[in-house]
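Asks:
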Amino acid sequence: MRVTSLAAAVLLAGVATLAQAAEYPIGKPLNTAGMEINTVYLQPITMEPAGMMRDAAKSDIHLEADIHAIKNNPNGYAEGDWIPGLEITYKLQKMKSDGKTPDGPVVEGLMMPMVASDGPHYGDNVKLNGVGKYQLTMVINAPGTLKEFGCLVDKNAKPMAVGHMDHGGAGPWCFGRHVDKETGVGAWFKPITKVVDFTFANVGKKGGY
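Each number in my numbering corresponds to the 1-based position in the sequence shown with 16 added.
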């Protein structure tokens, strides 16, 4: 029997809803500096290029930061635009049995830019310390803030590659902004820290978004 286009659309919508159920929010959205910052986790993800982060088979979750512009963004982005070039660090720590005080081993790392079927975001595969309540501390830095991300931020820093230096560049991975009178945008924001608690009870069935 041939499925009508309407029935097919309903079916696809249902599948998409089920797929999205595998994504777990971490705290509420944070609106600041012209951005909406959302954090979620889902099942570990197999990535390309291989080796850019922890192998999915050795991880418990894929931690994500979804960051988009809101109205009147001062840095030239339209409402809803993904914000590229951000330099994001995270720290995860398991809470005591009282659920209020973090005291477990610290798991920390950098969140890499990437793209998936639901669009671009920042993320990392993470190995946790079992199920339980965790505290996430995430710091969102403007482009060119941290040496770990490859942009030469001061005269003593060493870029990851030097080819761009041959014609006066500051480093190969810098994300710049126009500052001239005609085309310039507002100054980058100061580092933003988001601290939220969440309960990790394992992830659902592995699959897509």
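The C-beta atom is built at its ideal place from N, Cα and C for all residues, glycine as well.
(1) Going by C-alpha to C-alpha distance, which of Arg70, Gln151 and Gly67 sits closest to Ser55?
(2) In the DSSP assignment, find the beta strand (DSSP E) that holds Glu64 and state where it starts and stops.
(3) Would you say Val155 and Ile104 are within 8 Å of each other, going by their C-beta atoms?
(4) Does the beta-carbon distance from Pro90 to Gly139 come in below 8 Å?
(5) In the structure shown, what three-state DSSP assignment does Ala217 receive?
(6) Just to confirm, are Asn145 and Pro121 a CB contact at a threshold of 8 Å?
(7) Of all the CB atoms in chain C, is at least one closer than 8 Å to the CB of Leu46?
(8) In angstroms, rounded to a whole number, what distance separates the CA positions of Cys167 and Trp204?
(9) Please state the DSSP three-state secondary structure of Glu39.
(10) For His84, count neighbouring Cβ atoms within 10 angstroms of its own Cβ and tell me buried if that reaches 16, exposed if not.
Replies: In brief:
(1) The question names Ser, but residue 55 is Thr in the sequence shown. Of Arg70, Gln151 and Gly67, the residue nearest in Cα terms is Gln151.
(2) For Glu64, there is no enclosing beta strand (DSSP E), as DSSP gives it neither H nor E.
(3) A contact, by the Cβ cut-off of 8 Å.
(4) With respect to Gly139, Pro90 sits apart: the two C-beta atoms are not nearer than 8 Å.
(5) The answer is coil: DSSP assigns Ala217 none of H, G, I, E or B.
(6) Taking 8 Å as the cut-off, the Cβ atoms of Asn145 and Pro121 count as close.
(7) Absent here is chain C; the protein component of the structure consists of one chain.
(8) Between Cys167 and Trp204, the alpha-carbon positions lie close to 15 Å from each other.
(9) Residue state, collapsed to three classes: coil.
(10) Classification of His84: buried, given that the 10 Å Cβ count is 16 or more.
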